[in-house]
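As structure tokens, the structure follows; a few thoughts come after it.
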Amino acid sequence: MPYYRTVGELPRKRHTQFRKPDGGLYAEELMGVEGFSSDSALLYHRFLPTAIVNAEQVEDTRGGTVANLPLKPRHFRTQELKWAEPDRVDAVTGRRLLFGNADVSICFVAANEPSPLYRNAFGDELLYVQTGGGTLETIYGVLKVGVGDYVVIPTSCTYRIVPEGDQELRLLVLEATGHIGPPKRYLSAKGQFLEHSPYCERDLRMPTEPLLVDGEDVPVLVRHRAGLTRFTYANHPFDVVGWDGCLYPWAFNIADFEPITGRVHQPPPVHQTFEGPNFVVCSFCPRKVDYHPLAVPVPYNHANVDSDELMFYVGGNYEARKGSGIGLGSLSLHPSGCAHGPQPGAAEASLGAERFDETAVMVDTFRPLNLGEAAQASEDPRYAWTWARRGPDWS
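In short: position in the sequence shown from 1, add 19, done, that's the numbering used here.
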């Protein structure tokens, strides 16, 4: 994270005695990435964070992926996904795999009940809230989240997600095999957001006070490189009385992203919001569009020869895709190896437009994305042929 935070009670100097009211020592824990060579946080526990009383393997039923074969552009409707027990879906175990490669797994869930305590020990997670709201409870404290929020959860942060209200908490979830953060070009050498960044520290939200929960023999589901394990902890892991450092969960709303525009159409990197291991995330927000008198506001046809482009449509009307069947909750996948661009007639129809009212989240991966079971269950087979309006699935 770009800057240092303190929450709760701390000793004046790190790695020194910090005593409880009863005279015993609080247990200090360093949460750090890249060994001891990068960002970290120091947390002070009421109980030993090492005290486990059981560990059991848990079957991972998520399933694998298949290649995008035959290679073609594809369209998926998350709004059509169904769960076996629709009234009992949580934001962790209810995740369904849409896409994956060696760098990231991309899942979707429509949650309506609290998740178990969970820790992803494999990599950072990025959540995008499409609908609904809720509370992210973590060892660092609590974050309220709602529509349009991105939520970054660092590796090995123990948390649970509690939906609130009557609407499903619908989440797009990126599970990385490394770390997710702001693009390095937005940050100074010391980690401050620079003036050209489309968002800054004032736009971020993070826990502001400790979350203390009592309990014994508490289960925590852990995803790790070998699969899933359920630990049972002697005491509830939400026992941190204070912490400080630069590593913590944080939220940022897509409405606080400030679009960069120009006289002619700007390339997708101006919309970049996050970077992860071999992928980037971009935010397409309502904005004034190109103002050259001869500008064509919708994107030009392009072939991303080094990346697969995944677009999640979450608000407004995406001008370039009119007539393709894409709607809110849709995902389009445009893989490397074939060109893509606006639907027939979209370029002409966009001439003279002054503003686009559209919101979308884009994920560009630099290794091909394979298809998970949720993608296979929600695909629109006609999409690849919508530019020509004829093909094997066209009628």
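Virtual Cβ for every residue (Gly too), placed ideally from N, Cα, C.
Residue i and residue j closer than 7 Å at C-beta
{"i": "residue 121", "j": "residue 188", "result": "no"}
{"i": "residue 142", "j": "residue 186", "result": "no"}
{"i": "residue 170", "j": "residue 164", "result": "yes"}
{"i": "residue 257", "j": "residue 232", "result": "yes"}
{"i": "residue 296", "j": "residue 210", "result": "no"}
{"i": "residue 50", "j": "residue 266", "result": "yes"}
{"i": "residue 114", "j": "residue 128", "result": "yes"}
{"i": "residue 413", "j": "residue 406", "result": "no"}
{"i": "residue 352", "j": "residue 93", "result": "yes"}
{"i": "residue 304", "j": "residue 268", "result": "no"}
{"i": "residue 385", "j": "residue 326", "result": "yes"}
{"i": "residue 48", "j": "residue 30", "result": "no"}
{"i": "residue 45", "j": "residue 220", "result": "no"}
{"i": "residue 218", "j": "residue 276", "result": "yes"}
{"i": "residue 167", "j": "residue 274", "result": "yes"}
Coarse secondary structure for residue i, derived from DSSP in three states
{"i": "residue 365", "result": "helix"}
{"i": "residue 171", "result": "strand"}
{"i": "residue 285", "result": "coil"}
{"i": "residue 204", "result": "helix"}
{"i": "residue 290", "result": "helix"}
{"i": "residue 180", "result": "strand"}
{"i": "residue 25", "result": "strand"}
{"i": "residue 147", "result": "strand"}
{"i": "residue 187", "result": "coil"}
{"i": "residue 71", "result": "strand"}
Length of the line joining the Cα atoms of residue i and residue j
{"i": "residue 236", "j": "residue 253", "result": "5 Å"}
{"i": "residue 95", "j": "residue 104", "result": "22 Å"}
{"i": "residue 315", "j": "residue 348", "result": "26 Å"}
{"i": "residue 294", "j": "residue 400", "result": "31 Å"}
{"i": "residue 24", "j": "residue 230", "result": "16 Å"}
{"i": "residue 140", "j": "residue 176", "result": "8 Å"}
{"i": "residue 396", "j": "residue 247", "result": "24 Å"}
{"i": "residue 259", "j": "residue 172", "result": "17 Å"}
{"i": "residue 78", "j": "residue 106", "result": "22 Å"}
{"i": "residue 271", "j": "residue 411", "result": "43 Å"}
{"i": "residue 111", "j": "residue 282", "result": "44 Å"}
Neighbour-count burial assignment, residue i, 16 or more Cβ in a 10 Å radius
{"i": "residue 321", "result": "exposed"}
{"i": "residue 409", "result": "exposed"}
{"i": "residue 361", "result": "buried"}
{"i": "residue 328", "result": "buried"}
{"i": "residue 71", "result": "exposed"}
{"i": "residue 354", "result": "buried"}
Alpha helix (DSSP H) segments (min. 4 residues) lying fully within the segment 217-257
Here no run is fully enclosed.
Just to confirm the assignment: which complete beta strand (DSSP E) runs, minimum length 3, are found wholly within the segment 329-357?
List check, beta strand (DSSP E) in window: 349-353.
List in chain order: all unbroken beta strand (DSSP E) runs of 3+ residues lying wholly within the segment 364-399.
Listed in chain order, the complete beta strand (DSSP E) runs (minimum 3 residues) inside the segment 364-399 are 377-384.
Extract the residue ranges of the beta strand (DSSP E) inside the segment 112-160, only unbroken runs of 3 or more that lie entirely within it.
For the beta strand (DSSP E) assignment, the uninterrupted runs of no fewer than 3 residues enclosed by the segment 112-160 are, from N- to C-terminal side, 115-119, 123-130, 137-139, 144-150 and 152-157.
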